[in-house]
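The structure under discussion appears below in the form of structure tokens.
Residue numbers (this note's numbering), protein chains in the order written: chain A, 1 to 477; chain B, 1001 to 1316.
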């Protein structure tokens, strides 16, 4: 009968044929999935870009960027399509955006696949080490020498957005390799309510805390301070690093790669104490997961006396449609003031912003177009136009130009802050270092850890990440 | 068109006459060949999308491979596995996951069964009620996470606003250690209680009515009927629903990512969220593969034990 024939076991040779077929299918799948095996022989160093721009294509071409979703990304796309097209009518600029929390993953998972749908990655300055070590972006040292006026920049700005190994704060190593050029400069600005604390901003950190304390007491429903505390991206970490810098602390000793004993020294402990025990009580209840948008919302709703935020994200504060502080820009500016950060033991401020980096996996025509775009973008006249369009340029002449200084009330803050900037580490282990710091600072700010315990844990765990390169197995834990 | 082949004889015991091959059909394509031809696309898909990644992850789990660093993968033996099993960080995430799974699935089971029991006793509006209760389950977890994040916001969230109107103080739902995990359990319960309810309702409607009628004749109490008829007959189906939910809850990622991002600190980081960090923050692909394989093993072992219990229950 048919039924019995179907359920009967196959004769041995038939089973063998089936097994062999299944094995072949598996092997074929494996080979197909592994591609041509180029990964195995990949060298871990950045390929070099040509010193001069190769001949550009005359065919229509889309030059793609990747960035996170925020106003400067849209401003860049509009600006570049309006201005760059005048010189390269066949080129279209597309700025692909992802949520801030996925920004690193979106770029580096594509780098991992050795295939990118973007030609220019807009990397945070701290991502450079990881991208260079993995050979993901082009070495543009020779290109910069031949095409960019390096003396037109504050040396540290040029270094921060392109140099690896990292530059010491305020210095640039002329012999170091460059892997990117500045796209958007940024730092924190202090946003203060002139109608509540007066026109003159506090000059020292201690003074700022006591002014905020008084303002909170005098204005029920308004919190003294608003700042980044979230455990995503680099939110809480930048906040601690800023206070750490102001109180004379250091993040690490770059030469000896020591974090333990440096970050959690007396100055580091004092900074953590100030942050958790003096600043946190002046923030709104439940603000332990606040980042850029939440701080802006608190300011726009008139719920904070003093706030800290990135300059590039502050433009919306002047929009009457988004603010409860006034119905016109002038009315809002009567109440809001923007100032450089107060100083204490030092006057350091955090370096923000991002650079442009050419993907090593982009097509040759697109890489050539990307280099041409970067050369164009760093021209003096274009930097001024970028400033007028709402961007933050990096050339000194553009930073001091009326186009930039008159474009926003916080732009003078940026120009004044440039000589005071300090960045985090840009080592390949950055993503893990910042996660350790973020989660522990966030824990301290939300009462899940004591401040000293959190700081000691940061130092210990970060040190173990830096020291773990020789460990066999378990990397990443 | 070819003539249909006779599949069986009309008279059992007689041998069916050999049917001539259908015109136009290859002599070499037997039934078995035809079956293989039909299942091979699905088989290939399964091999490419499930079997190969699993085997590849198994291979990587014994290496120090990193997806971004490139270069050859070096064999590290069981180094990744021992590091994971000995890691205090992993132990902490495992405890968080366990509390979450027990809390969320326990709450969902009690609520889901209760709602199903109440609905099953209604004669009017059962369909409408069931449909309404199923709505949360239809939503994407990311969407659910986002609107609950707004609702639970300490400053302007509707939950605190309601508490305020009742004269109660503000609660920091997502930024305090205890409330953050409770919030995750509540949101997951809101979304997935309907799943348990649906399965329980199916079980409740399948209970033969004559059993209740017989019990009524014997003047059995409501509680006695529930304890000796309803619960024992629905129990096996309910346990399968619990199994599905427990597996789902064990690999929770999306709600954590949206609602708390693992915070405050790492207090709501589940195992899946931790694997994500190991895999994508440092791109430690080898360690992340071992971590994933261990999680699969835990699910397989626990499921086997659970299924054995279920089978034993059926036999009894």
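Backbone N, C-alpha and C define an ideal beta-carbon position, used for all residues, glycine too.
Does residue i have its Cβ less than 8 Å from a Cβ in chain A?
i, result
"residue 1254(B)", "no"
"residue 1209(B)", "no"
"residue 1096(B)", "no"
"residue 1266(B)", "yes"
"residue 1298(B)", "no"
"residue 1213(B)", "no"
"residue 1083(B)", "yes"
"residue 1089(B)", "yes"
"residue 1200(B)", "no"
"residue 1014(B)", "Because residue 1014(B) carries a pLDDT of 49, less than 50, the predicted location of this residue cannot be relied on, and no value is offered for it."
"residue 1218(B)", "no"
"residue 1172(B)", "yes"
Using alpha carbons as the reference points, say which of the options lies closest to residue i.
i, options, result
"residue 119(A)", "408(A), 239(A), 356(A) and 378(A)", "356(A)"
"residue 452(A)", "269(A), 360(A) and 293(A)", "269(A)"
"residue 306(A)", "321(A), 103(A), 284(A) and 327(A)", "284(A)"
"residue 76(A)", "373(A), 474(A), 459(A) and 400(A)", "373(A)"
"residue 134(A)", "1178(B), 1168(B), 1069(B) and 1107(B)", "1069(B)"
"residue 144(A)", "303(A), 130(A) and 159(A)", "159(A)"
"residue 100(A)", "111(A), 78(A), 90(A) and 70(A)", "70(A)"
"residue 165(A)", "250(A), 125(A) and 220(A)", "125(A)"
"residue 246(A)", "212(A), 205(A) and 256(A)", "205(A)"
"residue 1317(B)", "1214(B), 1204(B), 1253(B) and 1239(B)", "Because residue 1317(B) is not part of the residues shown, which for chain B are 1001 to 1316, the question remains open."
"residue 1074(B)", "1302(B), 1132(B) and 1062(B)", "1062(B)"
"residue 249(A)", "262(A), 318(A), 155(A) and 188(A)", "262(A)"
"residue 340(A)", "300(A), 420(A) and 280(A)", "420(A)"
Using C-beta distances below 6 Å, list every residue in its chain close to residue i, excluding the 5 sequence neighbours before and after it, in chain order.
i, result
"residue 457(A)", "440"
"residue 443(A)", "449 and 454"
"residue 429(A)", "465"
"residue 1260(B)", "1174, 1180 and 1268"
"residue 1035(B)", "none"
"residue 291(A)", "228, 230 and 235"
"residue 384(A)", "398, 401 and 403"
For residue i, which residues of its own chain have a beta-carbon under 8 Å away from its beta-carbon, when the five flanking residues on both sides are left out?
i, result
"residue 1207(B)", "1229, 1230, 1233 and 1234"
"residue 1298(B)", "1250"
"residue 1189(B)", "1104, 1107, 1108 and 1111"
"residue 1240(B)", "1199 and 1310"
"residue 1094(B)", "1271"
For chain C, find out if any of its Cβ atoms is closer than 8 Å to the Cβ of residue i; answer yes or no.
i, result
"residue 289(A)", "In summary, chain C is missing from the structure at hand, where the protein chains are A and B."
Please work out which residues of its chain come closer than 7 Å, Cβ to Cβ, to residue i, disregarding the five sequence neighbours upstream and downstream, and give them in chain order.
i, result
"residue 73(A)", "67, 95 and 97"
"residue 1(A)", "Residue placement at residue 1(A) is flagged as unreliable, the pLDDT there being 37, under the threshold of 50; the coordinate-derived value follows with that caveat. Contacts found: none."
"residue 1236(B)", "1310, 1313 and 1314"
"residue 1097(B)", "1250, 1270 and 1271"
"residue 407(A)", "387, 388 and 390"
"residue 259(A)", "252, 459, 462, 463 and 466"
Which residues does DSSP list as the beta-bridge partners of residue i?
i, result
"residue 354(A)", "124(A) and 184(A)"
"residue 432(A)", "The partner list for residue 432(A) (beta bridge, DSSP) is empty, contrary to what the question assumes."
"residue 64(A)", "94(A)"
"residue 337(A)", "192(A)"
"residue 139(A)", "48(A)"
"residue 309(A)", "189(A)"
"residue 164(A)", "177(A)"
"residue 1063(B)", "1075(B)"
"residue 225(A)", "306(A)"
"residue 204(A)", "343(A)"
"residue 349(A)", "421(A)"
"residue 258(A)", "253(A)"
For a cutoff of 8 Å on Cβ pairs, would you count residue i as touching chain B?
i, result
"residue 373(A)", "no"
"residue 275(A)", "no"
"residue 284(A)", "yes"
"residue 105(A)", "yes"
"residue 474(A)", "yes"
"residue 151(A)", "no"
"residue 467(A)", "no"
"residue 73(A)", "no"
"residue 448(A)", "yes"
"residue 458(A)", "no"
"residue 300(A)", "no"
Name, going along the chain, the residues of the segment 1279-1312 of chain B whose beta-carbon falls closer than 9 Å to a beta-carbon of chain A. Of all residues in the segment 1279-1312 of chain B, only 1279, 1280, 1281, 1282, 1283, 1284, 1285, 1286, 1287, 1288, 1290 and 1291 place a beta-carbon less than 9 Å from a beta-carbon of chain A.
Tell me which residues of the segment 1061-1076 of chain B have at least one Cβ-Cβ distance to chain A shorter than 7 Å, keeping chain order. Correct list: 1064, 1067, 1068, 1069, 1070, 1071, 1072 and 1076.
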